[in-house]
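Student: Each residue of the sequence shown is one higher than the one before, counting from 333 in this note's numbering.
Built from N, CA and C at the ideal position, the CB exists for glycine as well.
Note that the structure is a prediction, hence the values are computed from the model and not measured.
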Amino acid sequence: MVEQRQRSLRYASPTGRRVLLATVLGSALTQIDATVVNIALPHIGREFDAGAAALQWTVNGYTLSLASLILLGGALGDRYGRRRVFLTGVVWFAGASLLCGLAPDVRVLILARVVQGVGGALLTPGSLAIIEASFHPDDRGRAIGAWSGLGGVAGALGPFLGGWLVQIASWRLVFLINAPLAALVLVVALRHVPETRNPAMAKGLDLPGVFLAAAALAGLTYGFTAWSALGPGSATVTAALGVGAAALVLFVYAEHRSPHPMLPLDVFRSRAFTAANLVTFAVYAALGGVFFLVVLNLQVVAGYSPLAAGTAMLPITVLMLLLSARSGALAQRIGPRLPMTLGPLVCATALVLLSRIGPHAPYLTAVLPAVVVLGLGTSLNVAPLTATALGSLDESRAGIASGVNNAVARAAALLAVAVLPLAAGLGRGSLTDPAALAPVYRTSMYICAGLLAVGSVIAALAVPTRLRHPRQAPEPHCCAIEGPPLRVEENA
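Put into structure tokens, the structure is as follows:
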């Protein structure tokens with residue numbers, strides 16, 4: 333029997349601030365790393381003479397392991413202790429970051445990125461669950477808002493930070509800087525973060541589901557990535573896509589039969605929840621492709637420096653900080669359907685503008701207007717989207733709603749980076765060759781705009797005007813969907 337008692341850390345107390353510092357910094361490690369590497373890709377490609385597939389895997393290796401294991405990371409924290417799993421994730425992430433920064437070739441870098449994603453999957457859900465389990469109910473919402481908002485800012489600042497580090501030193505510093513940050517997290521967490529666990533919420537670990545989900549994502553991602561280089565008739569491509577498709581079918585079957593499924597299929601009986609996740613997939617596939625390709629295009633085709641390319645995207649961060657809360661409040665008043673319908677259309681308009689960025693494109697007239705429109709559309713859409721995913725299920729399933737929505741967003745971005753260059757006709761060309769990248773970039777922007785239009789149509793047809801279980805979501809951001817408050821029972 334587990335003794336339960338309510339934790340009562342106050343937001344303004346010294347210990348409360350230190351717990352918040354440790355969890356925010358830990359989460360920020362993964363948020364920054366999800367975006368910072370994009371700005372370094374041209375330099376990585378030139379140093380290692382890496383082709384398009386290798387650069388795609390430099391991004392996707394991290395996202396693949398993170399998306400596959402993030403639900404398992406939350407369950408491990410519930411069972412074995414959230415602080416323990418969080419600290420394990422921080423150490424794991426730091427070690428993998430050092431391996432990334434010291435990688436002698438692109439193969440080692442990709443392997444290290446996969447290992448890094450495992451660490452991210454351990455520490456990300458634990459950081460939020462620690463806050464939920466530790467703070468007084470009156471301060472919990474404020475603490476979660478600070479965690480999500482500051483983590484979002486960290487992720488959005490990733491391209492700027494990456495550009496600065498690449499320009500003053502080397503792309504390797506993009507990864508090596510994680511080590512001192514992780515050391516700070518460890519010192520603070522070991523001294524101030526309380527241990528909490530709840531075995532009742534981790535009744536069983538769905539290891540077959542974890543394995544099959546990872547196999548499905550890996551097979552499909554590898555198959556689509558290899559298609560560009562090897563062609564559709566390649567035995568390797570056929571085998572990878574076949575394994576991915578078979579694993580996906582087996583995953584659905586296994587989740588249907590499992591007594592403790594990683595993905596409870598009955599949540600999709602809710603039309604609103606299903607619609608919210610379909611819109612999530614369309615929107616985050618588009619945004620994942622955009623944030624992958626825009627900073628590449630700015631450097632390779634437009635001739636921007638790494639710092640200038642990273643700085644170019646900062647208006648999105650500013651607009652998200654200023655407008656996301658207002659967008660969420662608006663959706664609470666008028667319902668989520670209209671914002672979720674208009675937001676993707678505004679983003680699609682921005683992508684049409686972004687598609688015009690070519691050689692020597694001036695920032696003020698060619699880039700800034702498109703980035704501002706993208707920031708407005710993202711701000712309008714993301715808060716209602718997160719709130720709809722939460723509010724479609726009752727409060728007792730908020731953790732499941734969060735985990736599924738988070739995994740859908742990450743899987744969408746993962747597949748977008750794998751499929752977009754292929755769909756846009758890259759072939760055997762290089763992502764660091766201006767002549768090869770320019771037409772691929774332009775076509776990709778149109779494809780992503782089409783995805784956003786599909787998301788808008790789904791929202792208009794299937795998202796309700798009012799939610800059955802309305803709840804305030806934590807502050808969202810443009811690069812990923814953060815987990816909402818989890819239903820946890822604190823224990824000593």
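Quick check on the DSSP output: what are the complete alpha helix (DSSP H) runs of length 4 or more inside the stretch 411–473, in order along the chain?
Tutor: The stretch 411–473 contains these whole alpha helix (DSSP H) runs: 414–433 and 438–466.
Student: If contacts are defined as beta-carbon pairs under 8 Å, then V615 and G787 qualify, I think. What distance do you get, rounded to the angstrom?
Tutor: With a Cβ gap of about 5 Å, V615 and G787 count as contacting.
Student: For L686, which three-state DSSP category applies?
Tutor: Helix.
Student: Under three-state DSSP, which class holds L408?
Tutor: Here L408 sits in helix by DSSP.
Student: Does L341 come out as helix, strand or coil in the three-state DSSP assignment?
Tutor: Correct three-state label for L341: strand.
Student: By a C-beta neighbour count over all protein chains shown, 10 Å radius and 16 as the cutoff for buried, is D365 buried or exposed?
Tutor: Flag for D365 reads buried.
Student: When you compare only the Cα positions, how much space is there between G563 and R504?
Tutor: Rounded to the nearest angstrom, the two C-alpha atoms are 32 Å apart.
Student: With contact counted as at least three CB pairs below 8 Å, one residue from each stretch, are the stretch 387–404 and the stretch 438–455 in contact?
Tutor: Because the criterion of three Cβ pairs below 8 Å is met, the stretch 387–404 and the stretch 438–455 touch.
Student: Counting only the same chain and skipping the five closest in sequence on each side, list residues whose C-beta sits under 7 Å from that of V525.
Tutor: Result list for V525: V351, A354, R415 and I462, in chain order.
Student: Distance check for S566 and I476, CA to CA, integer angstroms please.
Tutor: When rounded, the distance between both Cα atoms is 48 Å.
Student: Mind the definition here: the stretch 628–635 touches the stretch 678–685 only if three or more C-beta pairs lie below 8 Å; say whether that holds.
Tutor: Flag = no, the stretch 628–635 and the stretch 678–685 do not touch.
Student: For G709 versus G675, is the C-beta spacing smaller than 8 Å?
Tutor: Result yes, Cβ atoms of G709 and G675 sit closer than 8 Å.
Student: Would you check if the distance between the CB atom of L518 and the CB atom of V422 is smaller than 8 Å?
Tutor: The answer is yes: Cβ separation under 8 Å.
Student: Any contact of the stretch 649–662 with the stretch 710–718, i.e. 3+ C-beta pairs under 8 Å?
Tutor: Short answer: they touch.
Student: What is the rounded straight-line gap between the Cα of I779 and the Cα of A756?
Tutor: When rounded, the distance between both Cα atoms is 8 Å.
Student: So what does DSSP say about P526, is it helix, strand or coil?
Tutor: P526 falls in the coil class under three-state DSSP.
Student: So, for A561: in the same chain, excluding its five sequence neighbours on each side, which residues have a beta-carbon less than 8 Å away from its beta-carbon?
Tutor: Counting only Cβ-Cβ distances below 8 Å, and skipping sequence neighbours, we find G383, A384, A385 and R760.
Student: Is Q338 buried or exposed, if buried means 16 or more other CB atoms sit within 10 Å of its CB?
Tutor: Only weak support exists for where Q338 lies, its pLDDT of 43 falling under 50; the value from the coordinates is given anyway. With fewer than 16 Cβ atoms within 10 Å of its Cβ, Q338 is classed as exposed.
Student: Count the other CB atoms within 10 Å of the CB of A501; is the residue buried (16 or more) or exposed (fewer)?
Tutor: Flag for A501 reads exposed.
Student: So V703 and M645 are in contact, right, with Cβ under 8 Å, and what is the actual spacing, rounded?
Tutor: Their Cβ separation, rounded to whole angstroms, is 6 Å, which keeps V703 and M645 in contact under 8 Å.
Student: For D598, is the classification buried or exposed, using 16 other Cβ atoms within 10 angstroms of its Cβ as the cut-off for buried?
Tutor: D598 should be labelled exposed.
Student: Of the choices H468, M652 and L639, whose alpha-carbon is the least far from that of A344?
Tutor: It is H468.
Student: Roughly how many angstroms separate the alpha carbons of F425 and V506, rounded to a whole number?
Tutor: Near 14 Å, if we compare the C-alpha coordinates of V506 and F425.
Student: Whole angstroms is fine: what's the gap from R342's alpha carbon to G358's?
Tutor: Spanning the two alpha carbons is a distance of roughly 20 Å.
Student: Return helix, strand or coil for H375, following the three-state DSSP convention.
Tutor: Correct three-state label for H375: helix.
Student: Taking only three categories from DSSP, how would you classify M672?
Tutor: Correct three-state label for M672: helix.
Student: Could you check which residue in L754, L784 and A785 has the C-alpha nearest to that of V772?
Tutor: When only C-alpha atoms are compared, the closest one is L754.
Student: Can the beta-carbon of L677 be found less than 8 Å from the beta-carbon of L549?
Tutor: The answer is no: Cβ separation not under 8 Å.
Student: Can you name, in chain order, every residue of its own chain whose Cβ lies under 8 Å from the Cβ of R378, other than the five neighbours on each side?
Tutor: Answer for R378: T764, listed in chain order.
Student: Considering just the uninterrupted stretch of the alpha helix (DSSP H) at M777, what are its terminal residues?
Tutor: It spans P766 to A794 - the alpha helix (DSSP H) in which M777 sits, taken as one unbroken run.
Student: Would V650 be called buried (16 or more neighbouring beta carbons within 10 Å of its own) or exposed?
Tutor: V650 should be labelled exposed.
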